[in-house]
Amino acid sequence: MTRNTDSRDASASPSERDASDGENWRSSAHLRTDGAGADSAAGADEVALDPWGSSSVADYRKLFEEFGIAEFEELLDSVPNPHYLMRRGVIFGHRDYEPVAAAMRENEPFAVLSGFMPTGDPHIGHKLVFDEIIWHQQQGGDAYGLIADLEAHSARGLTWDEIDQHAESYILSLLALGFDPEEGTLYRQSANREVQDLAFELGIEANYSELGSIYGFDGETDVSHMQSVVTQMADILYPQVADEPKPTVIPVGPDQDPHMRLARDLAARTRFFGVTEAYASFEATEDERELIAEAYAALDGEAARTDADRDTVRCEDIADWLREHEPAPEDERQSAMEKLDAAGKEPVRPRVRLLDRNATEEAFEALIDAVEGEKRVYENHVDTFELTRADADELARQVELDHGGYGFLPPSSIYHRFMTGLTGGKMSSSIPASHISLLDDPEEGYDKVKSATTGGRETAEKQRELGGKADECPVYELYAYLLADDDDEFATEVYEECVGGERLCGGCKEQAAELMAEFLEEHQEKRDEWAEKLDELDIELDSDRARR
Ligand code: TRP
Ligand code: SF4
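Numbering (this note's numbering), first residue to last: 25 to 572.
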């Protein structure tokens with residue numbers, strides 16, 4: 025991502041800047057590292073979410089609008105003891121995280137899993153994900169960390185020697201940062217037979233043209249690269265087969281969102297039964313159901329009040345009500361009214377419907393038997409009159425599990441911002457000065473911070489007068505993402521002092537550089553301690569694969 029230059033800043037209208045400022049930052053630290061206002065004003069509208077391409081995001085707002093990623097801030101209050109990356113808006117988005125937050129609140133089982141391609145040394149960008157896994161583990165989640173070696177080999181062309189060399193390093197940093205291997209699970213894709221079996225099964229649900237349109241695959245894409253996609257699908261769902269179906273969060277960068285969408289789809293496609301709500305024997309769409317619900321509520325209420333001849337509301341009554349009250353434009357009501365007219369005198373009765381999607385006959389029969397209370401059985405569905413939607417969901421899942429199905433819940437995800445490179449631009453493993461490796465000598469880390477780009481003014485005088493631009497400063501980002509750790513007060517202090525002109529870049533970088541050196545030293549000590557104990561852990565680190 026290119027940093028905003030002053031001239032591009034100036035081109036952003038005040039309202040655009042305000043809109044993006046107010047968007048999704050907690051006010052505490054005022055983090056805003058995407059330069060959304062300025063970039064969009066400059067016409068940068070390319071947001072491509074490409075897992076194997078260059079992962080930069082010009083405008084995070086587009087991710088909400090175009091891809092349906094939800095803003096994390098909206099559910100921050102429902103997360104118990106949120107992590108500082110959540111509080112500071114570094115974790116900016118999510119897909120369906122509510123069930124995970126609910127499980128944390130209610131002490132119900134949940135899981136966290138993420139994976140790493142061992143393409144180089146782990147760096148401070150990976151630390152964000154390590155921390156996210158560890159935090160969820162500390163909140164009581166079943167935690168999984170995996171080495172995506174099949175993906176690195178097929179999609180990135182790394183040799184097994186290179187992969188072996190880096191794989192251990194990721195594991196050591198994850199452990200050094202606090203992952204508990206006794207409670208959690210670490211694995212390599214290539215060594216996990218269950219994952220590969222699951223990948224094979226999930227591959228049955230996806231076809232070539234679908235992968236082509238999601239990932240831009242074409243006739244030149246090799247088969248193993250495609251296999252690495254279904255392997256990742258299996259990774260994502262693995263916590264639910266290793267144990268039982270449960271809410272699972274996958275912390276990743278937004279470049280991985282295409283994988284999340286596909287995983288959620290595949291999870292749904294394997295399900296035996298669908299659960300919907302209905303008012304009569306016919307199938308209605310969601311929109312039609314809403315109209316019917318509205319009419320039914322009105323008519324049912326009326327009947328109760330007047331004790332009129334309408335103790336039974338019939339389908340034709342609903343159609344009449346819709347014609348009379350016109351709660352939506354004619355064309356939107358049309359299909360509902362047709363179905364209702366066709367059903368005529370059939371009484372309207374709210375029900376929860378269980379549909380047979382992929383079940384065996386035996387499983388469907390078992391489901392029918394398991395429904396308690398009044399029910400009506402049709403060829404491909406059973407209508408239940410005494411079950412709530414949640415009960416029906418639970419029942420369907422249980423019968424599926426009893427009959428050899430997976431019973432998957434759709435996996436959830438959270439998305440963190442990409443860190444800006446220390447030299448400006450994006451942080452990239454291939455540009456050593458742009459990032460700090462977790463294996464950098466502390467002095468080297470110190471030097472890299474000292475020579476980082478800042479959001480400072482040309483002169484100290486100007487800085488005192490105008491304040492620094494912390495929002496555009498990679499050094500401030502280091503404080504917020506890493507160096508300030510859990511200390512919000514410290515992060516805010518750096519920010520306020522910077523923008524208030526009390527903090528000058530020289531001293532600020534010196535402080536950051538020292539903190540970075542300290543962090544690296546401590547981290548590497550812990551890595552060394554784990555390296556000694558590594559063979560006690562149950563993880564296979566050397567693959568004995570062909571050396572190519
Ligand atoms: N594709 C991920 C990457 O590029 C690695 C990965 C493999 C992964 N399996 C995963 C990430 C499962 C999250 C969940 O780094
Ligand atoms: Fe960045 Fe610190 Fe300079 Fe502010 S004072 S611009 S935070 S280096």
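We put the beta carbon where it would ideally sit given N, CA and C, even for glycine.
These figures come from a predicted structure and were not determined experimentally.
Sorted by position in the chain, Thr478, Gly479, Gly480, Gly492, Ala494, Cys497, Val499, Tyr500, Cys522, Arg527, Cys529, Cys532 make up the residues whose C-beta lies under 5 Å from a heavy atom of the ligand SF4. Rounded to the nearest whole angstrom, the C-alpha separation of Glu326 and Ile238 is 50 Å.
Between the ligand TRP and Ala191, a heavy atom-to-CB distance of less than 8 Å is absent.
Given a length threshold of 4 residues, each whole run of the alpha helix (DSSP H) inside the segment 504-550 is given here in chain order: 512-523. Within the same chain, Ala125 come within 6 Å of Ser102 by CB-CB distance, once the 5 residues on both sides are set aside. In this structure, His118 has its beta carbon at no less than 8 Å from each heavy atom of the ligand TRP.
Pairing Thr408 with Lys86, the inter-Cα distance amounts to about 42 Å. The alpha-carbon separation between Glu130 and Thr483 amounts to approximately 54 Å. A straight line joining the alpha-carbon of Leu174 with that of Ala287 spans about 18 Å. By the 16-neighbour rule on beta-carbons within 10 angstroms, Tyr439 is buried.
For the set Pro106, Asp166, Leu182, the Cα lying nearest the Cα of Thr143 is the one of Leu182.
Per DSSP, the continuous alpha helix (DSSP H) segment holding Ala414 begins and ends at 413-426. Straight through space, the alpha carbons of His547 and Ala200 are spaced by roughly 6 Å.
Listed in chain order, the non-local C-beta contacts of Trp345 below 8 Å within the same chain comprise Ala319, Ala322, Leu323, local neighbours out to five positions each way being set aside. Residue state for Val254 is assigned as helix, using DSSP reduced to three classes. Comparing C-alpha distances from Leu425 to each of Glu132, Thr300, Thr384 shows the shortest one belongs to Thr384. Counting only the Cα atoms, Met361 lies some 23 Å from His405. Residue nearest to Leu433 within the set Met540, Arg293, Ser214 is Arg293 (criterion: CA-CA distance). Look at Ile93 here: in three-state DSSP terms it is coil, with no helix or strand label. Sequence-distant Cβ neighbours of Phe91 in its own chain, meaning closer than 7 Å and more than five residues away, are Leu73, Asp281. Leaving aside the five residues that flank Glu521 on each side, the residues in its chain whose CB is nearer than 7 Å to its CB run, in chain order, Arg527. Listed as beta-bridge partners of Ile342 by DSSP are no residues whatsoever.
Proximity of the beta carbon of Gln548 to the ligand TRP is not indicated: no heavy atom of the ligand is located closer than 8 Å. Here the segment 206-221 makes contact with the segment 254-269; the two share three or more CB pairs at distances below 8 Å. At a Cβ-Cβ threshold of 9 Å, Tyr430 and Ala541 do not count as neighbours.
In the displayed model, Tyr439 falls within a strand according to three-state DSSP. Counting along the chain, Tyr232 sits inside the alpha helix (DSSP H) bounded by residues 232-239.
Counting C-beta atoms within 10 angstroms of its own C-beta, Gly240 has fewer than 16 neighbours from the protein chains shown and is therefore classed as exposed. Shown here for Met128: same chain residues with a beta carbon closer than 6 Å to its own, the five before and five after excluded, namely Pro104, Gln163 in chain order.
Take Asp120, set aside five residues on each side of it, and the residues of its chain with a beta-carbon closer than 7 Å to its own are Pro434, Ser436, in chain order. Burial check for Ile228: the Cβ neighbour count within 10 Å stays below 16, so the residue is exposed.
In this structure Tyr500 is buried. Its beta-carbon is surrounded by 16 or more other beta-carbon atoms within 10 angstroms. Here DSSP, grouped into helix, strand and coil, assigns Asp74 to coil. Assigned with DSSP and collapsed to three states, His190 falls in helix. Within the segment 146-220, complete alpha helix (DSSP H) segments of at least 4 residues are found at 148-162, 173-179, 184-200, given in chain order. Within 10 angstroms of the beta-carbon of Phe306 lie fewer than 16 other beta-carbons, which makes it exposed.
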